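Novice: Sending over a structure as structure tokens; questions will come in a sec.
Protein chains: 2
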Amino acid sequence: MKERYFEDLKIGDTFKSQAYQVGEDQIVSFAREFDPQPFHLDRAVADKTMFGGLFASGWHTAAITMRLFVQTLNFAEGAIGLGVDELRWPNAVRPDDVLQVETEILDVRESRSKPTHGIIRIRNVTTNQRGEIVQTMFASALVSRRTK
Amino acid sequence: MKERYFEDLKIGDTFKSQAYQVGEDQIVSFAREFDPQPFHLDRAVADKTMFGGLFASGWHTAAITMRLFVQTLNFAEGAIGLGVDELRWPNAVRPDDVLQVETEILDVRESRSKPTHGIIRIRNVTTNQRGEIVQTMFASALVSRRTK
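Sequence lines, in order, name chains H and X. Mind the numbering: the first sequence is residues 1 to 148 in this note's numbering, read in order. Mind the numbering: the second sequence is residues 149 to 296 in this note's numbering, read in order.
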């Protein structure tokens with residue numbers, strides 16, 4: 001699989017990730033460790049909420065999005081997150097949903113403080129198998145330059 | 149432990165979470181599942197980066213912060229995340245760091261669309277055992293009202 005460097009990206013490039021299915025067991029085990037609220041843990045409780053059933057923690061959706069993004073872009077020396085803005089979860093992720101991430105490169109610029117690196121600005125949109133948006137976010141990340 | 153409702157919170161309230169120690173095994177296993185980049189997985193690779201050693205995925209820090217926030221505020225019927233802004237990781241989380249979250253209530257308002265709920269705006273600041281800030285964020289969440 002092709003490894004990417006800063007120079008390989010230009011504004012307007014888009015990338016589509018592979019698909020990732022989220023099982024009910026994973027939703028519950030992530031929640032037990034990181035977001036132990038009853039509607040993420042217990043189907044009977046979740047059925048009575050406005051969501052009408054078990055759904056994943058937004059942080060679980062965010063973590064899965066990171067996995068898909070990292071695997072798709074495959075930066076030669078990784079991408080170091082500088083910050084995330086406007087992280088939103090417009091629809092819930094439910095057991096057995098199949099998620100996919102589309103990444104758009106919004107900006108690319110050389111790093112002033114780290115001349116071996118560049119800074120990219122991206123938008124990640126995560127959708128489910130019906131094309132409904134389950135997460136949107138903007139992020140900036142530091143990635144290695146090929147020519148150092 | 150006291151369960152909280154929307155009415156129990158007012159602007160300016162602050163809450164300090166319990167402490168949470170992050171082991172090297174947890175850093176690696178979270179990264180393997182959600183952020184499989186070499187500097188989160190392999191100590192030898194991480195030693196050669198600008199971080200000079202293994203460090204946690206920012207999404208792992210975010211997930212731990214959620215756990216500490218949820219346990220501290222202990223909302224009677226949970227808190228549903230509406231969105232997160234300006235998520236930043238000014239310092240890396242390293243093996244055996246002990247994290248703690250301070251939550252400040254920035255705003256409280258009734259929900260127009262869901263009269264059974266209110267919307268809170270918070271700031272979460274996550275620090276390590278040396279008092280260094282490892283994460284900051286703003287968030288909005290939907291929480292239940294006592295009087296319905």
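Note that the Cβ used here is the ideal one computed from N, Cα and C, for glycine as well. Remember, predicted model here, so these are calculated numbers, not experimental data.
Look at the alpha carbon of residue 193 of chain X and the alpha carbon of residue 84 of chain H, and state the distance between them as a whole number of angstroms.
Specialist: Taking the straight line joining both Cα atoms gives about 25 Å.
Novice: What does a CB cutoff of less than 7 Å around residue 47 of chain H pick up in its chain, not counting 5 residues either side in sequence?
Specialist: Taken in chain order, the residues that qualify are 53.
Novice: Alpha carbon to alpha carbon, how far is residue 58 of chain H from residue 49 of chain H? Give it in angstroms, no decimals.
Specialist: Looking at the two C-alpha atoms, the distance is approximately 16 Å.
Novice: So the candidates are H/147, H/101 and H/56; which of them puts its Cα closest to the Cα of residue 115 of chain H?
Specialist: Looking at the Cα atoms, H/147 is the closest of the given residues.
Novice: For residue 58 of chain H, which three-state DSSP category applies?
Specialist: Residue 58 of chain H: helix per DSSP, three-state reduction.
Novice: Please name the residue, chosen from X/210, X/224 and X/159, that lies closest to residue 252 of chain X on a Cα-to-Cα basis.
Specialist: Out of X/210, X/224 and X/159, X/159 has the C-alpha closest to the C-alpha of residue 252 of chain X.
Novice: Decide yes or no for the touch test of the region 91 to 102 of chain H against the region 208 to 220 of chain X: beta carbon pairs closer than 8 Å, at least 3 of them.
Specialist: As far as the Cβ criterion goes, the region 91 to 102 of chain H does not touch the region 208 to 220 of chain X, which means the pair count is below three.
Novice: Apart from the five residues just before and just after residue 277 of chain X, which ones in its own chain have a Cβ nearer than 6 Å to its Cβ?
Specialist: These residues qualify, in order along the chain: 246.
Novice: Which partner residues of residue 117 of chain H appear in the DSSP bridge assignment?
Specialist: DSSP output for residue 117 of chain H lists H/144 as bridge partner(s).
Novice: Apart from the five residues just before and just after residue 287 of chain X, which ones in its own chain have a Cβ nearer than 6 Å to its Cβ?
Specialist: So the list reads 232 and 270, once near-sequence residues are dropped.
Novice: State the start and end residues of the unbroken beta strand (DSSP E) segment that holds residue 15 of chain H.
Specialist: Per DSSP, residue 15 of chain H belongs to the beta strand (DSSP E) from 14 to 16.
Novice: Measuring straight from C-alpha to C-alpha, what distance separates residue 268 of chain X and residue 150 of chain X?
Specialist: For residue 268 of chain X and residue 150 of chain X, the distance between alpha carbons rounds to 18 Å.
Novice: Buried or exposed, going by whether 16 or more other CB atoms sit within 10 Å of the CB of residue 81 of chain H?
Specialist: Result: buried.
Novice: Taking buried to mean at least 16 other C-beta atoms within 10 Å of its own C-beta, is residue 225 of chain X buried or exposed?
Specialist: Result: buried.
Novice: Indicate whether at least one CB of chain X lies closer than 8 Å to the CB of residue 12 of chain H.
Specialist: No, its Cβ sits nowhere closer than 8 Å to a Cβ of chain X.
Novice: Could you name the residues of chain X that residue 95 of chain H contacts, counting a contact when the two beta carbons are closer than 8 Å?
Specialist: The contacting residues do not exist; residue 95 of chain H stays about 17 Å from chain X at best.
Novice: If you measure from the beta carbon of residue 185 of chain X to each beta carbon in chain H, is any gap under 8 Å?
Specialist: For residue 185 of chain X, the answer is yes, since a Cβ of chain H falls inside 8 Å of its Cβ.
Novice: Flag this pair as yes or no: are the beta carbons of residue 61 of chain H and residue 93 of chain H separated by less than 8 Å?
Specialist: Yes, these two residues count as a Cβ contact at 8 Å.
Novice: Along the chain, where does the beta strand (DSSP E) containing residue 107 of chain H start, and where does it finish?
Specialist: That run of the beta strand (DSSP E) goes 98 to 110.
Novice: Using a cut-off of 8 Å between C-beta atoms, extract the partners of residue 233 of chain X located in chain H.
Specialist: Per Cβ cutoff of 8 Å: 85, 86 and 87.
Novice: Out of X/185, X/189, X/213 and X/212, which has the shortest C-alpha to C-alpha gap to residue 173 of chain X?
Specialist: Minimum Cα distance to residue 173 of chain X is reached at X/189.
Novice: Using a threshold of 8 Å, state whether the C-beta atoms of residue 154 of chain X and residue 291 of chain X are closer than that.
Specialist: Yes, the Cβ-Cβ distance between residue 154 of chain X and residue 291 of chain X is below 8 Å.
Novice: So, is the C-beta of residue 191 of chain X closer than 8 Å to a C-beta in chain H?
Specialist: By this cut-off, residue 191 of chain X is not an interface position.
Novice: Can you list the residues of chain X that residue 138 of chain H reaches, using a CB-CB cut of under 9 Å?
Specialist: The premise fails here: residue 138 of chain H is roughly 10 Å from chain X at the closest Cβ pair, so nothing lies under 9 Å.
Novice: Alpha carbon to alpha carbon, how far is residue 4 of chain H from residue 63 of chain H? Give it in angstroms, no decimals.
Specialist: Whole-angstrom Cα-Cα distance: 21 Å.
Novice: For the beta strand (DSSP E) holding residue 82 of chain H, just list the boundary residues, first then last.
Specialist: That run of the beta strand (DSSP E) goes 79 to 88.
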